[in-house]
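Visitor: Can you keep this structure in mind? I'll have questions shortly.
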């Protein structure tokens, strides 16, 4: 659960993740708390970048060759950060959550942020990362219901898979 919350931070914001993880920490028995980083701090930048590129390619499939240059053209630092940090250091780590579960965390964070293009990309990406269409629809539905119940204003229609 902690890693799923951590992975959602790039989308929902790490200030919110900090609060969520602190609440979880306080509710977690001491013997179940992490005391060391889960990610390998000795992993080279090249290894992190390669893992990020592989997970990005897995998530975006045949559209990766269009999306990555789009990020580069929008703002070169955005592409660099997305691949090397976002996908490399955060999302590509599969020591706790699988590729499918990582996709679920991303979808769950994207829906209340009212970002339909990214929701659409990641609904499809979840299937590429091993989820069934039914599982993806279930995650979408739960995230949407929670957002509505929490009073999150959604100006855009949430795409379906």
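In full-length UniProt numbering, the protein residues as written are 1 to 161.
Each residue gets a CB set at the ideal place from its N, CA and C atoms; glycine is no exception.
Bear in mind that the values here come from a model prediction, so they are computed numbers and not experimental data.
Return the CA-CA distance between residue 142 and residue 75, expressed in angstroms with no decimal places.
Guide: 33 Å
Visitor: Whole-angstrom Cβ separation of residue 111 and residue 158, contact assumed at under 8 Å?
Guide: 6 Å
Visitor: Please list the terminal residues of the continuous alpha helix (DSSP H) segment that includes residue 120.
Guide: Where residue 120 is concerned, the enclosing alpha helix (DSSP H) stretches over 116 to 128.
Visitor: Return the chain-ordered list of same chain residues with a C-beta closer than 6 Å to the C-beta of residue 87, the five sequence neighbours on each side being excluded.
Guide: 52, 55 and 56
Visitor: Sorted by chain position, which residues of the same chain lie with C-beta nearer than 7 Å to residue 119's C-beta, five sequence neighbours on each side aside?
Guide: 107, 110, 111, 158 and 159
Visitor: Kindly indicate the opening and closing residues of the alpha helix (DSSP H) around residue 2.
Guide: Unbroken alpha helix (DSSP H) run through residue 2: 2 to 12.
Visitor: With C-beta atoms as the reference, is residue 11 less than 9 Å away from residue 113?
Guide: yes
Visitor: Of the choices 2, 47, 70 and 153, whose alpha-carbon is the least far from that of residue 92?
Guide: 47
Visitor: Just to confirm, are residue 122 and residue 59 a CB contact at a threshold of 9 Å?
Guide: yes
Visitor: Quick one: grab the DSSP three-state call for residue 156.
Guide: coil
Visitor: Using 10 angstroms around the beta-carbon of residue 7, count the other beta-carbons present and answer buried if the total reaches 16, otherwise exposed.
Guide: buried
Visitor: In whole angstroms, give me the CA-to-CA distance for residue 98 and residue 1.
Guide: Each residue's alpha carbon lies about 12 Å from the other.
Visitor: Please identify the residue among 85, 126, 116 and 27 whose C-alpha is closest to the C-alpha of residue 45.
Guide: 85
Visitor: In chain order, what are the residue ranges of uninterrupted alpha helix (DSSP H) at least 4 long that sit wholly in the segment 52 to 101?
Guide: 64 to 74 and 76 to 80
Visitor: Assign residue 133 to one of two classes, buried (16 or more other C-beta atoms within 10 Å of its C-beta) or exposed (fewer than that).
Guide: Per the 10 Å Cβ criterion, exposed.
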